[in-house]
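Here is the structure we will look at.
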Amino acid sequence: MAEYVYALFGEWAVKGQVWTAGMPTVEGANREWFGAGGLDHLSTRFPDMKADMYMAIGVMDPAAKARGNRNVVAQPLLIVDDIGTKIDPKKWDALFAVGMPQPTAKIETSPGNQTWIWSLAGDAKDPQRWVDLACVRAWLVDMGLTDDVMDVARYVRLPGGWNSKKKYCAGNGGQPVGVSLVDWNECRSELGGTRVNLDDIGWALMGTSKWVAREFPATAGGRSQANSAALGGMLGAGALVRSADLSKPDALMKLAEAIGMGLVQIRPGVVEAPCPNIAAHGDRAETGFAFLGEGLMHCNHASCQELSTRDFRGMMEAEFDRQAAAAVGGEIEGCRTGIGFLARASFPVEDAAVIEVVTAPMTAKAVARIEKEDAERGKRKRAAHLIAAQFMEEKGMVPFLDPKGGVWVWVEGRLRNIKTTAGFRPLLGWLSQHGLDITGAARNNLIETLEGRAATQPMRDVFFRVANGGSGSAPEIYVNLMDDAGRAVVIDGKGWRIVPVAELPLPLAHRDGGLPLPPPVSAKDGLSFMDRLERHIPLTAIVAKNNPKDLGVQQRAILFTFIVAQFARNGAVAHLLLAGEQGGGKTTMARRLNGLTDPDVGAVQSRLPTEPTAIFAMVSQLSNFVLDNTSGVRAEQADTLCVLATGSAHATRKLYTDGERSLSSALCSVIFTSVLDDGITRRADLQDRILTLTTSPLEKNRRKSEGELNAAWAADLPHLLADLFDLLSVGLRSVDSVRGAQNLGLLPPPPRFADVAQLAEAAAWLGLGWPMGLLTTALNAARADAAEGQLSDNPAAFRLRALLLAQPGGFWRGSYDELERAIAFVEGGPAWGPHRGRVRDAIARVKGPLRDLWGITHQEVGRTKHARIQEFRIAADAEKKSEKG
Numbered sequence: 009m010a011e012y013v014y015a016l017f018g019e020w021a022v023k024g025q026v027w028t029a030g031m032p033t034v035e036g037a038n039r040e041w042f043g044a045g046g047l048d049h050l051s052t053r054f055p056d057m058k059a060d061m062y063m064a065i066g067v068m069d070p071a072a073k074a075r076g077n078r079n080v081v082a083q084p085l086l087i088v089d090d091i092g093t094k095i096d097p098k099k100w101d102a103l104f105a106v107g108m109p110q111p112t113a114k115i116e117t118s119p120g121n122q123t124w125i126w127s128l129a130g131d132a133k134d135p136q137r138w139v140d141l142a143c144v145r146a147w148l149v150d151m152g153l154t155d156d157v158m159d160v161a162r163y164v165r166l167p168g169g170w171n172s173k174k175k176y177c178a179g180n181g182g183q184p185v186g187v188s189l190v191d192w193n194e195c196r197s198e199l200g201g202t203r204v205n206l207d208d209i210g211w212a213l214m215g216t217s218k219w220v221a222r223e224f225p226a227t228a229g230g231r232s233q234a235n236s237a238a239l240g241g242m243l244g245a246g247a248l249v250r251s252a253d254l255s256k257p258d259a260l261m262k263l264a265e266a267i268g269m270g271l272v273q274i275r276p277g278v279v280e281a282p283c284p285n286i287a288a289h290g291d292r293a294e295t296g297f298a299f300l301g302e303g304l305m306h307c308n309h310a311s312c313q314e315l316s317t318r319d320f321r322g323m324m325e326a327e328f329d330r331q332a333a334a335a336v337g338g339e340i341e342g343c344r345t346g347i348g349f350l351a352r353a354s355f356p357v358e359d360a361a362v363i364e365v366v367t368a369p370m371t372a373k374a375v376a377r378i379e380k381e382d383a384e385r386g387k388r389k390r391a392a393h394l395i396a397a398q399f400m401e402e403k404g405m406v407p408f409l410d411p412k413g414g415v416w417v418w419v420e421g422r423l424r425n426i427k428t429t430a431g432f433r434p435l436l437g438w439l440s441q442h443g444l445d446i447t448g449a450a451r452n453n454l455i456e457t458l459e460g461r462a463a464t465q466p467m468r469d470v471f472f473r474v475a476n477g478g479s480g481s482a483p484e485i486y487v488n489l490m491d492d493a494g495r496a497v498v499i500d501g502k503g504w505r506i507v508p509v510a511e512l513p514l515p516l517a518h519r520d521g522g523l524p525l526p527p528p529v530s531a532k533d534g535l536s537f538m539d540r541l542e543r544h545i546p547l548t549a550i551v552a553k554n555n556p557k558d559l560g561v562q563q564r565a566i567l568f569t570f571i572v573a574q575f576a577r578n579g580a581v582a583h584l585l586l587a588g589e590q591g592g593g594k595t596t597m598a599r600r601l602n603g604l605t606d607p608d609v610g611a612v613q614s615r616l617p618t619e620p621t622a623i624f625a626m627v628s629q630l631s632n633f634v635l636d637n638t639s640g641v642r643a644e645q646a647d648t649l650c651v652l653a654t655g656s657a658h659a660t661r662k663l664y665t666d667g668e669r670s671l672s673s674a675l676c677s678v679i680f681t682s683v684l685d686d687g688i689t690r691r692a693d694l695q696d697r698i699l700t701l702t703t704s705p706l707e708k709n710r711r712k713s714e715g716e717l718n719a720a721w722a723a724d725l726p727h728l729l730a731d732l733f734d735l736l737s738v739g740l741r742s743v744d745s746v747r748g749a750q751n752l753g754l755l756p757p758p759p760r761f762a763d764v765a766q767l768a769e770a771a772a773w774l775g776l777g778w779p780m781g782l783l784t785t786a787l788n789a790a791r792a793d794a795a796e797g798q799l800s801d802n803p804a805a806f807r808l809r810a811l812l813l814a815q816p817g818g819f820w821r822g823s824y825d826e827l828e829r830a831i832a833f834v835e836g837g838p839a840w841g842p843h844r845g846r847v848r849d850a851i852a853r854v855k856g857p858l859r860d861l862w863g864i865t866h867q868e869v870g871r872t873k874h875a876r877i878q879e880f881r882i883a884a885d886a887e888k889k890s891e892k893g
């Protein structure tokens, strides 16, 4: 640490003019600042460096008694902060590409957050250079490249110490996280290093060699000009004298202590505490609130810039009243109200009746100061972000939160997440059209303000292409066309209609990369949906029209059910495998299915990530996507794909925050294409969630150019959508009849994705004219054939069946370890393969097919000291049924 500071400051560090500070913890009762001194003081207090440690970026006058702008005599450093969390590093990449010098040092102050430092060449004591440096800082703030703290005496964290904020400790097993130097470009001349020329920074930042002639950014206004004055050491005149002293608390500080605000004397004249208005701070817990003495309070947070001491006092009084009402006896320290407490604290009297009627608890001097503050506040121009937020409220643009932390607001008929660049940019454009240009730090302030206001609204789920709503007796499907006109389609039992997406009862948003669906148009040419679709997706011809075992019937049942699943999102959905030899048009078929249901520029992918978090990030806003030319699925991918079919959540620790859980959820179908007609996985649980459609090679005389195929598809797509929406409407109207028939045993039971299959059955029955029950029976037959193949290809299942058939009475009893040894001697059957795994797991994944197809049941019948006893039985007629099948 010492070498680091000496390298940045040189002889100033040796002379003790680099002020440092430290404390064992930044939060809680043990918080204690130790400052006012150089490195020797710090190393003496914290020899093991187990503390939050800081250095001031300005060089202090040797005679200085306090750290402050007026005592800065040299400015050798340029600092930017919050890189990686609030500031996107990609913004800096563009500057580095045009010659911006790399930082001398990069310090990771918390997970994912860095402070960057440039050690500057030239005379750090030159006042004119201070003005140039102030201009650079102001432009950095204006361009959103750093935080907006321009204090030249500010503290920054020292590497080698730690960060003990609770939110970081919570994500690190309760321990502080280390503050580390992650990048260093040597700057000491005696070691062959060079310092950075400020001119090079200004040129790259402002794009001109005459940058020193540039004015301060207009959006920075008086603040930047005031800071430039501060940089020249001219803050003395008219500066606020801070006199708060926790050892001699005034009435307001006593009130704060009474309601448990946790006051801390952070430096002479300033006592910090959690802000009374902290609920409006959004997800940024940092308070910025302080008592300044003489009855004054202030908070730096964006949501508090319009609040005065009088406002904070009112909040504290209200909190005292609330706590007193809930306390035993209805009072705290003998007072029933906050104003009464202030009266007693200001005027020590014994008569409680007198205390309760005193309404002026502050001294005349304090009252005068507050009145002056209010008068100045009235003259001051309102902050740009607050003007924008109020204007949005007047226009009815009320933000709300989603469960994932997004902040959403309607902007010109589209729902935008303003916490993303793509969502915030249209809002800025809309505000600019109305004469409100929001730039620099005001942008972050606007996001924080809107987030605070959104927290007061009910949280809502946000959907993208499709949402299901309505009531149980009158269900509805909403389809976002994602076109420039902002239109959507509402489908119910009466039909379908086109409406503005903003008028839907559920919030549907456009997504980056989402392609528009054309408005549906009824063709009225007598062609059915399936007949029109087969122009673009070739299927096996039907031989026996009403036979559920006919391959052509099964393919159409599978295809139609999968398409319906992209719009019925209340239950589990299925994945689809398009399998067949090369030249069968599998990729084109997959593109057509995606283009009919949820087109996207990135719909076709060549590989699937391994990490569940990466998979969820890829598909969280999609109804389906294509995984082209799949040769296999890894075990960890199989688990995630099973979860995607059911819409379950995936939980991880939040990155770079306070250790909270980060929940990812998605209900997304995958369209696999593969030349492997025997499947892409041996995992029975995933196989049970995949519908397989085997394609046939196209005849050479039927092949067409890509242009011809696309033109034909574009011409038919509006009609296909209209036909499909008609079928969905019919299904919604009659799905209860299908459920009732299945409950009475008049129809076969649905497969595992029951909601989708029931809606598809209803639509096929009354919309496509299929016999009642044909689609469900065909689905079950196709899945039974697939399940039979799963069992026959499963080494453990095959050997278990052979073992049971050889046992007297057809049953076996013992532990899983004993079962594994018993089936090891069974000959024949599929090979185990290189990754055998546990027999228990292999059998657990096929329990359903074992019971339904092979008549094998299983139960745990007892346990010993070292094992659990399992019993497997096979039905007496299982072998005959199998032979007959």
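Sequential numbering from 9 applies to the sequence shown in our numbering. All residues carry an ideal CB built from backbone N, CA and C; glycine is no exception.
Check: Among Leu559, Thr216, Arg145 and Leu189, which residue has its Cα nearest to the Cα of Gly701?
Finding: According to the sequence shown, residue 701 is Leu rather than Gly. Ranking Leu559, Thr216, Arg145 and Leu189 by Cα distance to Leu701 puts Leu559 first.
Item checked: Straight-line gap, Pro546 to Leu586 (C-alpha atoms, nearest Å) -> 12 Å
Next item on the list: Mind the definition here: the stretch 99-113 touches the stretch 60-77 only if three or more C-beta pairs lie below 8 Å; say whether that holds.
Entry: no
Note to self: Considering just the uninterrupted stretch of the alpha helix (DSSP H) at Thr123, what are its terminal residues?
What the structure shows: Where Thr123 is concerned, there is no enclosing alpha helix (DSSP H), although the beta strand (DSSP E) it sits in stretches over Asn121 to Ser127.
Checklist line | Helix, strand or coil at Thr618 according to DSSP, with G and I counted as helix | finding: coil
Next item on the list: Would you mind stating whether Ala462 and Leu423 have Cβ atoms separated by less than 8 Å?
Entry: no
Note to self: Per DSSP, what are the beta-bridge partners of Val279 in this structure?
What the structure shows: Gln273 and Phe299
Item checked: Buried or exposed by the 16-neighbour rule on C-beta atoms within 10 Å, applied to Gln183 -> exposed
Notebook entry, point to check: If Gly501 sits next to Ala482, beta carbons under 8 Å apart, how far is it from one beta carbon to the other, in whole angstroms?
Noted result: Contact flag correct, Cβ pair sits at about 7 Å.
Notebook entry, point to check: Is DSSP giving Asp492 helix, strand or coil here?
Noted result: coil
Next item on the list: Pull up the distance between the alpha-carbon of Glu835 and that of Pro803, whole angstroms please.
Entry: Going from the Cα of Glu835 to the Cα of Pro803 covers about 11 Å.
Check: Beta-carbon separation of Ala493 and Leu512 under 8 Å?
Finding: no
Next item on the list: Let me know the secondary structure DSSP gives Val106 once reduced to three states.
Entry: coil
Margin query: So for Gly478, helix, strand or coil by DSSP?
Written below: Of the three classes helix, strand and coil, the one that applies to Gly478 here is strand, per DSSP.
Next item on the list: Indicate the three-state DSSP secondary structure (helix, strand or coil) for Ala252 in the structure shown.
Entry: strand
Notebook entry, point to check: What residue range is occupied by the uninterrupted alpha helix (DSSP H) comprising Leu585?
Noted result: Here Leu585 belongs to no alpha helix (DSSP H); instead the beta strand (DSSP E) covers His583 to Ala587.
Item checked: First through last residue of the alpha helix (DSSP H) which encompasses Met61 -> That residue, Met61, is in no alpha helix (DSSP H); its beta strand (DSSP E) goes Asp60 to Ala64.
Note to self: Let me confirm a value: Ser297 is counted as buried when at least 16 other C-beta atoms fall within 10 Å, else exposed. Which label applies?
What the structure shows: The sequence given here has Phe at residue 297, not Ser. Classification of Phe297: buried, given that the 10 Å Cβ count is 16 or more.
Check: Could you give the distance in angstroms between the alpha-carbon of Pro276 and the alpha-carbon of Cys312?
Finding: 23 Å
Next item on the list: Find out if the Cβ-Cβ distance for the pair Val509, Leu516 is shorter than 8 Å.
Entry: yes
Notebook entry, point to check: Any chance the CB of Pro726 is under 7 Å from a heavy atom of the ligand MG?
Noted result: As presented, the structure is devoid of all ligands, the ligand MG included, so that no description of it is given.
Notebook entry, point to check: What does a CB cutoff of less than 6 Å around Gly66 pick up in its chain, not counting 5 residues either side in sequence?
Noted result: Sequence-distant Cβ neighbours of Gly66 in its own chain, meaning closer than 6 Å and more than five residues away, are Val80, Gln83, Val160 and Ala161.
Item checked: Close-in-space but distant-in-sequence residues of the same chain around Asp909 (CB under 8 Å, 5 per side omitted) -> Beyond the ends of the chain as shown, which are 9 and 893, falls residue 909; an answer cannot be given.
Next item on the list: Flag this pair as touching only if the stretch 805-815 and the stretch 750-768 have three or more C-beta atom pairs under 8 Å; answer yes or no.
Entry: no
Next item on the list: Determine which residues share a DSSP beta bridge with Thr317 and list them.
Entry: None; Thr317 has no bridge partner.
Note to self: Can you check which of these residues, Met597, Asp445 and Val406, is closest to Arg468 by C-alpha distance?
What the structure shows: Val406
Notebook entry, point to check: Going by alpha carbons, who is nearest to Thr689 out of Arg600, His583 and Gly534?
Noted result: His583
Item checked: Leu728 versus Val683, Asn77, Pro527 and Asp696, residue with shortest Cα-Cα distance -> Pro527
Next item on the list: Within the same chain, show all residues whose beta-carbon is closer than 6 Å to that of Ser682, passing over the 5 residues directly before and after it, in chain order.
Entry: Ala587, Thr638 and Ile688
Margin query: Considering Cα atoms alone, identify which of Leu189, Gln563 and Met214 is closest to Ala549.
Written below: Gln563
Check: How many Å lie between Lys262 and Gly303 at the Cα?
Finding: 11 Å
Check: Which first and last residues belong to the beta strand (DSSP E) in which Val81 is found?
Finding: Val80 to Ala82
Next item on the list: With DSSP as the reference, please indicate the residues paired to Leu304 in a beta bridge.
Entry: Gly301
Checklist line | Where Gln590 sits in the DSSP three-state scheme | finding: coil
Item checked: Inter-residue Cα distance where the pair is Arg853 and Trp862 -> 15 Å
Notebook entry, point to check: In chain order, which alpha helix (DSSP H) runs of at least 4 residues are fully inside the stretch 796-874?
Noted result: 803-814, 824-831, 847-852 and 855-862
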